[in-house]
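Start counting the sequence shown at 272; every next residue gets the next number (my numbering).
In this text, a Cβ means the ideal position worked out from N, Cα and C, and glycines have one as well.
All values derive from a computational prediction rather than experimental measurement.
Worksheet: the structure to be examined is printed underneath.
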Amino acid sequence: MLDKAREEQVITLCQELIRQRSYSGEEAGVVEVLSGYMKKMGFDDVTVDRYGNIIGCIRGRRPGKKILFDGHIDTVPVTEEKEWTYPPFAAEIHDKKICGRGTSDMKGAVAAMTCAAACFAKDKDKDFAGEIYVAGVVHEECFEGVAAREISKFVQPDYVVIGEASQLNLKIGQRGRAEIVIETFGKPCHSANPEKGINAVYKMAKVIEAIRTLKPTHHPVLGDGILELTDIKSAPYPGASVVPEYCRATYDRRLLVGETKESVLAPINELLEKLMAEDSELKVKASYAVGREKCHTGNEIEGERFFPGWLYEKEDDFVQAVYRKLQEKGFTPEITQYNFCTNGSHYAGEAGIKTFGLGPSRENLAHTVNEYIEIEQLTKVEECYYAVMEALLV
Ligand SMILES: [Zn+2]
272 MLDKAREEQV ITLCQELIRQ RSYSGEEAGV VEVLSGYMKK MGFDDVTVDR YGNIIGCIRG
332 RRPGKKILFD GHIDTVPVTE EKEWTYPPFA AEIHDKKICG RGTSDMKGAV AAMTCAAACF
392 AKDKDKDFAG EIYVAGVVHE ECFEGVAARE ISKFVQPDYV VIGEASQLNL KIGQRGRAEI
452 VIETFGKPCH SANPEKGINA VYKMAKVIEA IRTLKPTHHP VLGDGILELT DIKSAPYPGA
512 SVVPEYCRAT YDRRLLVGET KESVLAPINE LLEKLMAEDS ELKVKASYAV GREKCHTGNE
572 IEGERFFPGW LYEKEDDFVQ AVYRKLQEKG FTPEITQYNF CTNGSHYAGE AGIKTFGLGP
632 SRENLAHTVN EYIEIEQLTK VEECYYAVME ALLV
């Protein structure tokens, strides 16, 4: 159990992080607060990289494994401020809960990781094997796993702990996701004489129907590799008396373990080739969406929207070591998977680093009006993170 002073510390840090509004690309304020805390709490180094991720490090006196605690510090926007019972950036405490945008997703976890690392190092007088890193990661909400690439290059961790909400359960995998763009190219003309052109939207309608016949891939644990149409756009828009020459549809594809950029597009391309062979007027192309965003440092971050799935075994040594330690401390975690996408896509899915999720609060509080975190979840997850260091830094 945390003593009163440590409880106060994690609550205060969480509140201060919430008070810094930090939509994706605007995380400078939260980086400054976190940096101040890390330095004050005895972290050996605090680094801010070109994307504006903040990485604090505490080194043990003995060589050993590197463990990285990952928490994103951006939040989704508040769109309906009037609907919030309490102001979303005031971090008021009501009914043993801290209320505000980013409490559950996921500044509570970031506060707990930071405090747990500092407390662990202090209690051991740094007499432990290995290194502890706590990363406050930018641009996760629209771009999971991209800013994280910079962090894993810098830290080269042996283990990664993702702090996304799990109600103190252990998460050893997730489906990934990709955004697939389908484009059809037609020929514009006046809509009074449509036979003179090629209507790109009619062509797209045909393509969409055909794509619906594709069978999703399947994984016994992670479920279906869903392919769902999420938006469609034609050009010119609006098309006053013009037959559209261009149409673009976006698909959300959920990715299973082992699926690659090539293997995911292959059946779609095969289908498109077949359609084009049947219709000489059809011009259609499939590709991955590319995201481009500004960072709070002024630099650009860019990447294809392809975030792989990942899954470890319950029996894996590191999973069992953490599981047993948590049980020893009186916790009763279940070992399951995340239902959403996290930075684990990069660490586990791309870089093959041993990764698991362990976070406070419920995932269905993320992105909601009146988001909150129970103080009990916040203090308990700090104890869990402390236990993770005891289990892995030996
Ligand atoms: Zn999140």
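Straight across, the Cα-Cα distance linking Q598 with L582 is about 22 angstroms.
Counting of Cβ neighbours within 10 angstroms places Y508 among the exposed residues, the total staying below 16.
At least 8 angstroms separates the beta-carbon of V561 from that of E584. The criterion of a C-beta distance shorter than 8 angstroms is satisfied by V349 and P359.
A contact is defined here as three or more CB-CB pairs under 8 angstroms, and the segment 551-569 meets this definition with respect to the segment 448-460.
Cβ atoms of G457 and V514 come within 8 angstroms of each other, at about 7 angstroms. Around the beta carbon of A400, fewer than 16 other beta carbons sit within 10 angstroms, so the residue counts as exposed.
DSSP places E645 within a strand segment (E or B) once states are collapsed to three.
For I369, there is no enclosing alpha helix (DSSP H); the residue is part of the beta strand (DSSP E) that begins and ends at K368 to C370.
Comparing alpha-carbon positions, the option among Y308, F314 and S512 lying closest to C460 turns out to be S512. Contact check for G323 against E303 fails: the beta carbons are separated by 8 angstroms or more. Taking each of I329, M384, G371 and E530 in turn and checking the Cα distance to L493, the smallest one comes out for E530. When distances are taken from the beta-carbon of M377 to the heavy atoms of ligand 1, the shortest one is below 7 angstroms. Annotation note: the segment 470-558 contains the following uninterrupted alpha helix (DSSP H) runs of length 4 or greater, listed N- to C-terminal: 471-482 and 532-549.
Here Q438 carries a coil assignment [DSSP, helix/strand/coil]. In this structure, R446 is the residue among K353, R446 and I644 with its C-alpha nearest to the C-alpha of R525. For G379, the enclosing alpha helix (DSSP H) has its first and last residue at G379 to D394. For D588, there is no enclosing beta strand (DSSP E); the residue is found in the alpha helix (DSSP H) stretching over D588 to E599. Boundaries of the beta strand (DSSP E) harbouring T318: D316 to V319, taken from the DSSP string. Following the DSSP letters along the chain, one finds F456 inside the beta strand (DSSP E) bounded by residues G447 to F456. If you check the C-beta of H461 against ligand 1, you find no heavy atom less than 7 angstroms away. For Q291, the number of other beta carbons within 10 angstroms of its own is at least 16, and it is reported as buried. Counting only residues of its own chain and dropping the five nearest sequence neighbours on each side, G296 has a CB closer than 7 angstroms to the CB of H410, E564, K565, C566 and H567. Per DSSP, reduced to three states, the secondary structure at D274 is coil, with no helix or strand assignment.
According to the DSSP assignment, I422 belongs to the alpha helix (DSSP H) that extends over A418 to V426. P358 sits in coil when the DSSP states are folded into three classes, being neither helix nor strand. For I325, the beta-bridge partners assigned by DSSP are V319 and G407.
Per the coordinates, the alpha-carbon of E653 lies some 11 angstroms from the alpha-carbon of I646. Going by DSSP, K625 is part of no alpha helix (DSSP H) but of the beta strand (DSSP E) stretching over K625 to G628. Relative to the Cα of Y404, the nearest Cα in the group I329, V347, Q438 and V381 belongs to I329.
When the alpha-carbon of E544 is set against those of I482, G569, Y517 and N570, the nearest one is in I482. Out of D396, A380 and E412, the CA that lies nearest to the CA of T613 is found in E412. Counting only the Cα atoms, P487 lies some 34 angstroms from F340. The Cβ atoms of G434 and A387 do not sit closer than 8 angstroms to each other.
Here DSSP, grouped into helix, strand and coil, assigns P334 to strand. In this structure, the C-beta of E351 stays at least 7 angstroms away from each heavy atom of ligand 1.
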